[in-house]
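> Below is one structure. I have some questions about it.
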Ligand code: SIN
C-alpha cells in the first residue's frame with residue numbers, strides 16, 4: 001500500500017539540514033569485518049553503546065546503502081580507475097570502510113535524494129514550514145473524552161514562515177527528524193536553527209528522552225579570527241593529516257595508540273588540555289605527508305574555504321579547535337523508531353537508540369539515518385495497514401497579533417549559546433552546571449512569557465525550543481556524575497580550568 005506522506009521542511013527541501021554539510025562519508029562495507037566494526041563502535045562509545053542497536057546497524061547498513069544510495073539514487077561516490085569504490089578511514093576506525101564523495105558526501109547524497117523525492121507519488125513537500133508543537137489526543141482533541149486516553153500523537157501544528165499562518169496537520173504517524181542540538185552552543189558545526197526542535201517538542205508531550213548529556217564535540221573545526229567556523233573533516237586525518245601544537249609537536253602520539261585518529265572525545269579533550277597548557281587558541285593539522293595536488297583533488301571544499309580565509313592548505317597547516325557537533329542522545333526509540341508516545345517516531349540524530357552510547361564513531365550518522373528511516377517506514381507501513389486510528393478534530397491555533405522584538409530574541413539566543421559553551425562544554429563541573437541551570441531557568445521564564453504574548457515567528461520558535469533543549473542537556477549532565485565518552489565532569493579542584501575560546505575572544 002502506498003502511504004500518503006507530508007514532509008515538513010523548515011527551509012527548502014534538503015537545505016538547512018546538517019546532513020547537507022556532512023563531509024567525511026558513510027560506512028559501507030559492513031561485511032568486510034563486521035565483528036571489528038562492532039568493536040570499533042563500542043570502543044568509540046567508551047563501552048556504553050546498546051549492543052542491539054549496534055547489531056541492527058551492522059546487519060542492515062550495507063543493504064540500505066546499496067539499494068538506496070547506489071542502485072536507486074546513483075550517488076557519485078569517489079571511485080578508483082577500475083570503477084571500484086574508494087574507501088577512507090576516520091577517527092576510531094580500524095579498517096578503511098568509509099565511502100565518500102570528495103569532502104561533500106552529505107551534499108552529494110541530498111542532492112540526488114532531493115530529485116528523487118520531488119517526483120515520488122503520494123509525497124507532498126511543504127517548504128519553509130516549521131513544526132510548532134506536536135498534537136496529542138489528550139491535549140488537543142475537541143472531544144473531552146480523549147483526555148482519558150493514553151498519550152497518542154496525532155500530528156503537529158505547523159507554521160508557514162512566509163505567510164505566518166499556523167494550522168494542524170493530522171496524521172496517523174508523526175516522525176521527528178529535526179537533527180541535533182548543536183546551535184545551543186556558541187561554536188558549532190551545525191546549521192542555523194538546529195536547536196533540538198524534536199527533543200523539545202517530544203518533551204512537551206511527555207516522551208522519554210535519554211543520553212542528552214552526551215554532546216559530541218568535533219575536534220577539528222576551522223578557527224581563525226573574522227572567519228566563519230567550518231568543519232575540517234576527520235577524513236583529513238584519515239588520509240594522513242597529523243595534529244600538532246603551535247610548536248609543531250604531534251601531541252596525540254603520547255596520548256592514544258591511534259594517535260591523531262583516536263576516537264573524537266579523546267582527541268577533543270586532548271586538544272582542550274593542550275590549549276589550556278599553551279594558552280593558544282588553536283592547534284593545527286599538519287598536512288605535509290600529502291601533496292598539494294592530492295589535497296586539492298581529495299578535499300576541494302576544505303581547500304577552497306580555507307583559502308577564502310587566507311590559509312593555503314597546500315603550503316601551511318590548518319588552525320583548528322573543537323566545536324559542538326553531534327547529539328548522541330535524544331528522543332528514546334526502539335530500533336524501529338517508536339518513541340514512548342504512541343504513534344510518535346524519531347529517527348536520525350533526533351532519536352536515541354543507544355547506538356552511539358556516550359560517544360559516536362565517525363561516519364555512522366548518515367548510515368544510522370538511512371537504516372533508522374528504512375526500519376521506521378516499514379514498521380509504520382505495517383501499523384497503518386493493520387491499525388485502527390482515532391483522528392479527531394483538534395482546536396484551531398490561537399495567536400496574538402503583537403510582533404516579537406527580534407533584538408530581544410537574538411540577545412536571548414546569544415545568552416543561551418554562551419552559557420552552554422562556557423559551562424556545559426567539553427569539561428563540566430557541578431558548579432558550572434548549577435550556574436548554567438540558574439541562568440537558563442530565568443531565561444526560560446522570560447521566553448515563556450514572550451512566547452505566549454507574541455505572534456509566532458521562526459526565530460521565536462527556535463528560541464523557545466533552544467532554551468528548553470539547553471535546560472534538558474544541563475539536567476541530564478547534572479544527574480550523571482560519571483565521566484564517560486563525551487561527558488566529562490571535572491572535580492571542583494579543576495574548576496579553575498578555562499573554558500574553550502569563543503570566536504569573539506580570538507586574539
Ligand atoms: C567529519 O567528516 O569529520 C564528520 C563526519 C561525522 O561526523 O561522522
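Residue numbers (the numbering used here): 1 to 507. Just so it is clear, CB atoms sit at the ideal spot from N, CA and C, and this is done for glycine as well.
Alpha carbons only, please: which of 280, 232, 285, 230 is nearest the one belonging to residue 250?
Numbered from 1 along the chain shown, position 250 holds the residue referred to as residue 250. Ranking the options by Cα distance to residue 250, first place goes to 285.
> Counting along the chain, where does the alpha helix (DSSP H) carrying residue 451 start and finish?
Sequence index remark: in the chain shown, residue 451 carries index 451 (1-based). Element bounds for residue 451: 430-453.
> Out of curiosity, what's the CA-to-CA distance linking residue 159 and residue 165?
By 1-based counting over the chain shown, the position of residue 159 is 159. By 1-based counting over the chain shown, the position of residue 165 is 165. When rounded, the distance between both Cα atoms is 6 Å.
> Mapping the DSSP letters down to three states, classify residue 20 as helix, strand or coil.
For this step, residue 20 is matched to residue 20 along the chain shown. Residue 20 falls in the helix class under three-state DSSP.
> When you compare the CB positions of residue 219 and residue 277, do they come within less than 8 Å of one another, or not?
Mapped onto the chain shown, residue 219 falls at position 219. Mapped onto the chain shown, residue 277 falls at position 277. No, they are not a contact pair.
> Any idea which residues DSSP pairs residue 141 with across the strands?
Sequence index remark: in the chain shown, residue 141 carries index 141 (1-based). The partner list for residue 141 (beta bridge, DSSP) reads 394.
> By the three-class DSSP mapping on this structure, what secondary structure does residue 488 have?
Taking the chain shown and counting its residues from 1, one reaches residue 488 at position 488. Look at residue 488 here: in three-state DSSP terms it is coil, with no helix or strand label.
> By Cβ distance below 7 Å, which residues in the same chain neighbour residue 123 in space, the five residues on each side in sequence not counted?
Within the chain shown, numbered from 1, the residue matching residue 123 stands at position 123. Taken in chain order, the residues that qualify are 5, 7, 117.
> Does ligand 1 have a heavy atom nearer than 7 Å to the CB of residue 475?
Reading the chain shown from its first residue, position 475 is the one you call residue 475. Not so, every heavy atom of ligand 1 lies at least 7 Å from the Cβ.
> In chain order, what residues of the same chain have a beta carbon less than 6 Å from the beta carbon of residue 260, not counting five sequence neighbours either side?
Locating residue 260 in the chain shown gives position 260, where the first residue counts as 1. Excluding residues within five positions, the ones whose Cβ falls inside 6 Å are 237, 242, 243, 252.
> Need the endpoints of the beta strand (DSSP E) that residue 376 sits in, please.
In the chain shown, counting from the first residue as 1, residue 376 sits at position 376. Premise fails: residue 376 lies in the alpha helix (DSSP H), 365-386, not in any beta strand (DSSP E).
> How big is the Cα-Cα spacing for residue 316 and residue 247?
Reading the chain shown from its first residue, position 316 is the one you call residue 316. Reading the chain shown from its first residue, position 247 is the one you call residue 247. One C-alpha to the other measures close to 14 Å.
> Between residue 325 and ligand 1, is the CB less than 7 Å from at least one heavy atom?
Looking up residue 325 in the chain shown gives position 325. Yes, since a heavy atom of ligand 1 falls inside the 7 Å radius drawn around the Cβ of residue 325.
> Quick one: Cα of residue 381 to Cα of residue 372, how far?
Here residue 381 is taken as the residue at index 381 of the chain shown, counted from 1. Here residue 372 is taken as the residue at index 372 of the chain shown, counted from 1. Counting only the Cα atoms, residue 372 lies some 14 Å from residue 381.
> Counting only runs that start and end within the stretch 167-211, where is the alpha helix (DSSP H) found for 4 or more residues in a row?
197-204
> Going by the beta-carbon positions, is the gap between residue 421 and residue 100 smaller than 8 Å?
By 1-based counting over the chain shown, the position of residue 421 is 421. By 1-based counting over the chain shown, the position of residue 100 is 100. No, the pair does not count as a contact, with Cβ atoms beyond the cut-off.
> How would you call residue 562, buried or exposed, if buried means at least 16 neighbouring beta carbons within 10 angstroms?
Because the chain spans 1 through 507 in this model, residue 562 falls outside it and cannot be assessed.
> Considering only residues of the same chain and omitting the five flanking positions on each side of residue 491, which have a CB-CB separation below 8 Å?
Translated into the one-based positions of the chain shown, residue 491 becomes position 491. Only 429 meet the Cβ criterion.
> Measuring only the C-alpha atoms, how far is residue 508 from residue 283?
Outside the shown range of the chain, which is 1 to 507, sits residue 508, and nothing can be said about it.
> Can you tell me whether residue 265 is helix, strand or coil according to DSSP?
Stepping through the chain shown from its first residue, residue 265 is reached at position 265. In the structure shown, residue 265 sits in a helix (DSSP, three-state: H, G or I).
> Out of curiosity, what's the CA-to-CA distance linking residue 384 and residue 173?
Numbered from 1 along the chain shown, position 384 holds the residue referred to as residue 384. Numbered from 1 along the chain shown, position 173 holds the residue referred to as residue 173. Going by the C-alpha atoms only, they are around 8 Å apart.
> Sort 425, 114, 336 by Cα distance to residue 487 and report the nearest one.
Taking the first residue of the chain shown as 1, we reach residue 487 at position 487. The residue with the shortest Cα to Cα distance from residue 487 is 425.
> Please specify which runs of the alpha helix (DSSP H), each continuous and at least 4 residues long, are wholly inside the stretch 249-320, giving them in chain order.
264-278, 292-298, 300-308
> Which residue from 351, 65, 329, 272 puts its Cα closest to that of residue 336?
For the purposes of this step, residue 336 is taken as residue 336 along the chain shown, with counting starting at 1. The shortest C-alpha separation from residue 336 is found at 351.
> With respect to the beta strand (DSSP E) encompassing residue 218, which residues constitute its N-terminal and C-terminal limits?
Indexing the chain shown from 1 puts residue 218 at position 218. It spans 215-222 - the beta strand (DSSP E) in which residue 218 sits, taken as one unbroken run.
> Put residue 322 into one of helix, strand or coil per three-state DSSP.
Sequence index remark: in the chain shown, residue 322 carries index 322 (1-based). DSSP places residue 322 in strand when its eight states are reduced to three.
> For residue 37, which of helix, strand or coil comes out of DSSP?
Indexing the chain shown from 1 puts residue 37 at position 37. In the structure shown, residue 37 sits in a helix (DSSP, three-state: H, G or I).
> What first and last residue would you give for the alpha helix (DSSP H) that runs through residue 423?
As a first step, residue 423 is located in the chain shown; it is residue number 423 there, counting from the start. Note, residue 423: alpha helix (DSSP H), 406-423.
> Just checking, does the stretch 18-37 make contact with the stretch 59-69 on the three C-beta pairs under 8 Å criterion?
Yes, the stretch 18-37 is in contact with the stretch 59-69.
> By how many angstroms is the C-alpha of residue 394 removed from the C-alpha of residue 139?
Here residue 139 corresponds to residue number 139 of the chain shown, with the count starting at 1. Here residue 394 corresponds to residue number 394 of the chain shown, with the count starting at 1. Computed Cα separation, rounded: 9 Å.
> For the alpha helix (DSSP H) holding residue 54, just list the boundary residues, first then last.
One-based indexing of the chain shown puts residue 54 at position 54. Where residue 54 is concerned, the enclosing alpha helix (DSSP H) stretches over 51-64.
> Is residue 218 near ligand 1, with its Cβ less than 7 Å from a heavy atom?
On the chain shown, residue 218 is found 218 positions in, with the first residue counted as 1. Checking every heavy atom of ligand 1 against the Cβ of residue 218, one is found closer than 7 Å.
> Measuring alpha carbon to alpha carbon, tell me which of 217, 93, 104 ends up nearest residue 35.
On the chain shown, residue 35 is found 35 positions in, with the first residue counted as 1. Closest option to residue 35, Cα to Cα, is 93.
> By how many angstroms is the C-alpha of residue 44 removed from the C-alpha of residue 57?
Position 57 of the chain shown holds residue 57. Position 44 of the chain shown holds residue 44. If I take the Cα positions, the gap works out to 15 Å.
> Look up residue 474 in the DSSP assignment and say whether it is helix, strand or coil.
Position 474 of the chain shown, counting from 1, holds the residue named residue 474. Note: residue 474 maps to helix in three-state DSSP.
> Say yes only if the C-beta of residue 235 is nearer than 7 Å to one or more non-hydrogen atoms of ligand 1, and no if none qualify.
Numbered from 1 along the chain shown, position 235 holds the residue referred to as residue 235. Result yes, Cβ under 7 Å from ligand 1.
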